[in-house]
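Below is one structure, written out as structure tokens; comments come after it.
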Amino acid sequence: MSDDDIVILGTGMAGLGAAHHFNSQGVRARMYDKNSYPGGHTATFVHDSGFVFDDGPHISFSKDPRIQDLFASNVDGHYEKLQAYVNNYYHGAWVKHPAQANLHNLPTELKTQCVLDFIEASKTDVVEKPANYLEWLISVFGKTFATHFPAVYGKKYHTVDAEKMSTVWMGPRLYRPSMEEVIRGALFAETPDVHYISDFRYPSEGGFISYLKPFMEKAEMKLDHEVVHIDPKAKSVRFANGETVEYKQLVSSIPLPDLIPLIDGAPENVKAAAAQLCATTCVTVNIGLARDDFTPATWTYIYDEDIVFTRLSFPHKMSPSTCPPGTGSIQAECYYSWKYRPLDVTPDDLIQPVIDDLVKIGLIREDEEILHTDARLIPHANIIFDLDRETALPIVHEWLDEIGITYVGRFGEWGYQWTDEAFKSGERGARQVLERRVDA
221 MSDDDIVILG TGMAGLGAAH HFNSQGVRAR MYDKNSYPGG HTATFVHDSG
271 FVFDDGPHIS FSKDPRIQDL FASNVDGHYE KLQAYVNNYY HGAWVKHPAQ
321 ANLHNLPTEL KTQCVLDFIE ASKTDVVEKP ANYLEWLISV FGKTFATHFP
371 AVYGKKYHTV DAEKMSTVWM GPRLYRPSME EVIRGALFAE TPDVHYISDF
421 RYPSEGGFIS YLKPFMEKAE MKLDHEVVHI DPKAKSVRFA NGETVEYKQL
471 VSSIPLPDLI PLIDGAPENV KAAAAQLCAT TCVTVNIGLA RDDFTPATWT
521 YIYDEDIVFT RLSFPHKMSP STCPPGTGSI QAECYYSWKY RPLDVTPDDL
571 IQPVIDDLVK IGLIREDEEI LHTDARLIPH ANIIFDLDRE TALPIVHEWL
621 DEIGITYVGR FGEWGYQWTD EAFKSGERGA RQVLERRVDA
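In this text, residue positions in the sequence shown follow our numbering: the first is 221, and each later residue adds one.
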């Protein structure tokens with residue numbers, strides 16, 4: 221089987237999933253990435269200060285034994301197995317996650333109204349086909365909790381109002397507690413853990429990218445290759461550096477709104493549909509501290525709209541190797557989007573506001589000894605499941621199917637894929653390609 225006719229665009233989790241499957245079938249694909257480093261969103265950055273930060277928070281909590289074993293073997297069994305403790309910050313109150321089953325620390329009036337609304341909502345069936353995310357939230361949790369918690373957090377995270385979002389993305393992400401769990405969580409500070417991530421794994425050394433390095437050896441990989449043109453008739457890809465390569469099968473994890481304008485002959489309706497697809501832009505502000513005792517949490521959700529960050533994660537909780545001994549680290553995520561909340565400052569401009577808000581919520585001190593700061597721009601972070609997506613996405617996918625371009629990963633399938641799911645998406649795409657080769 222020829223090794224030179226398959227081209228993969230992108231070296232992130234999905235691209236590497238495809239490369240891994242091709243390799244398992246005796247095919248060594250060619251991979252190209254616009255960045256100067258491999259890994260896409262799963263890249264890891266090691267700083268001279270000794271602090272290690274991934275390109276956004278990444279953990280592996282797959283329940284699939286095959287994926288677990290595969291990742292474990294890639295790090296020779298050297299990984300941390302951890303229990304997740306997750307909390308929330310809501311206007312001065314620290315609330316165990318999920319908040320709907322842990323209302324105890326909230327102000328009495330708010331807590332009481334949340335419980336009463338939940339009781340009222342439980343008297344009717346959940347809306348089977350809600351018009352939008354907000355309608356579903358209210359039917360499940362009642363108006364008070366819905367509008368004070370998930371609707372507010374959702375807007376911070378997705379940058380769009382809940383009534384403009386669909387519900388196709390949710391899966392297990394929003395826990396639906398029983399009446400007993402709601403009442404017990406309101407009365408008692410200690411409750412059973414019911415978060416969908418009970419335990420997870422993380423490489424002991426080298427950050428999350430360590431899971432992927434063996435996959436990178438299974439394909440010919442070229443970095444600093446930004447795609448500027450794809451000709452589906454000539455089956456060629458041209459890069460910004462002037463290089464052109466030919467392919468018989470093309471696998472792409474490039475975000476669809478970026479991919480479609482690059483393809484020669486894209487119809488106007490497909491271009492228009494792709495332009496309606498929107499993802500968040502994330503600025504991660506990374507901070508290294510001279511101590512490691514400032515939080516019990518693995519990560520924290522922030523509900524207050526006047527606080528610049530939406531979520532905090534703490535890499536030193538993942539593995540001690542992510543920072544010098546005795547120190548701790550914080551990664552703050554600040555979300556924007558071209559469609560709903562444009563970013564109008566540079567990433568570095570957010571460092572001080574993040575520090576100020578960490579002081580404001582009491583996580584660090586005003587005189588905190590800060591050993592490291594940096595900020596990174598992630599142009600495409602998470603898919604926004606607004607109502608436009610539901611009509612636009614089929615148009616884009618149908619045309620890519622027609623011209624024989626295989627799309628994989630979060631930004632190819634344009635779905636809410638966790639890290640392990642993105643890897644499987646790449647594997648699925650590779651299987652489709654090999655099936656087409658056999659049929660041809």
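Quick reminder that beta carbons are idealized off the backbone N, C-alpha and C, glycines included.
Mind checking which residues open and close the beta strand (DSSP E) that includes residue i?
i	result
A313	A313 to K316
Y305	Careful: Y305 lies outside any beta strand (DSSP E) and carries neither H nor E.
T518	That residue, T518, is in no beta strand (DSSP E); it is neither H nor E in DSSP.
I625	I625 to Y627
R630	No beta strand (DSSP E) contains R630, which DSSP labels as neither H nor E.
R585	Element bounds for R585: n/a, residue is neither H nor E.
R531	R531 to S533
Just reading off the alpha helix (DSSP H) that residue i is part of, what are its end residues?
i	result
Q496	E488 to Q496
Y377	P370 to H378
S205	Shown here, the chain extends from 221 to 660; a query on residue 205 therefore has no answer.
L578	I571 to K580
K349	Run containing K349: none; DSSP gives neither H nor E here.
With distances taken between CB atoms, is the gap from residue i to residue j smaller than 9 Å?
i	j	result
G427	F265	yes
S472	L229	yes
H278	N602	no
A663	V448	One cannot answer for residue 663 here, as it falls past the ends of the chain, which runs 221 to 660.
L497	V616	yes
Y310	A319	yes
A249	N255	no
K260	G297	Sequence check: residue 260 is Gly here, not Lys. Going by C-beta atoms, G260 is not nearer than 9 Å to G297.
S418	Q245	no
F365	L591	no
E744	V388	One cannot answer for residue 744 here, as it falls past the ends of the chain, which runs 221 to 660.
A198	G629	Shown here, the chain extends from 221 to 660; a query on residue 198 therefore has no answer.
I522	K376	yes
T262	D274	yes
N307	Y431	no
T411	A517	no
E170	H241	Only positions 221 to 660 of the chain appear in this structure, which leaves residue 170 out of reach.
L407	F631	no
D583	T639	For the sequence presented, residue 583 should be read as Leu rather than Asp. Cβ atoms of L583 and T639: not closer than 9 Å.
K301	F435	no
T626	W558	no
I226	K453	no
On the DSSP bridge list, what partners appear for residue i?
i	result
Q469	I226
L509	G548 and I590
L597	V503
R561	S557
Y636	According to DSSP, Y636 bridges with nothing at all.
M385	D606
S342	None, per the DSSP bridge assignment.
I522	Y309
Y299	P423
query: Can you list the beta strand (DSSP E) stretches of 3 or more residues lying completely in the region 237-293, in chain order?
result: 250-252, 264-266 and 272-274
query: On the three-pair Cβ rule with 8 Å, is the region 534-550 touching the region 506-514?
result: yes
task: Output the residue ranges of the beta strand (DSSP E) runs that lie fully inside the region 404-484 and measure 3 residues or longer, sorted by chain position.
output: 419-423, 440-442, 447-451, 456-459, 464-466 and 469-472
message: Pairs of beta-carbons, one from the region 362-379 and one from the region 332-349, closer than 8 Å: are there three or more?
response: yes
- request: Assess, as a yes-or-no matter, whether the region 468-482 is touched by the region 432-443 under the definition of 3 or more beta carbon pairs within less than 8 Å.
  value: no
query: So does the region 521-541 actually touch the region 618-628, counting three or more Cβ pairs closer than 8 Å?
result: no
message: Whether or not the region 281-290 and the region 637-653 are in contact is what I'm after, with contact meaning three or more pairs of Cβ atoms, one per stretch, closer than 8 Å; do they touch?
response: yes
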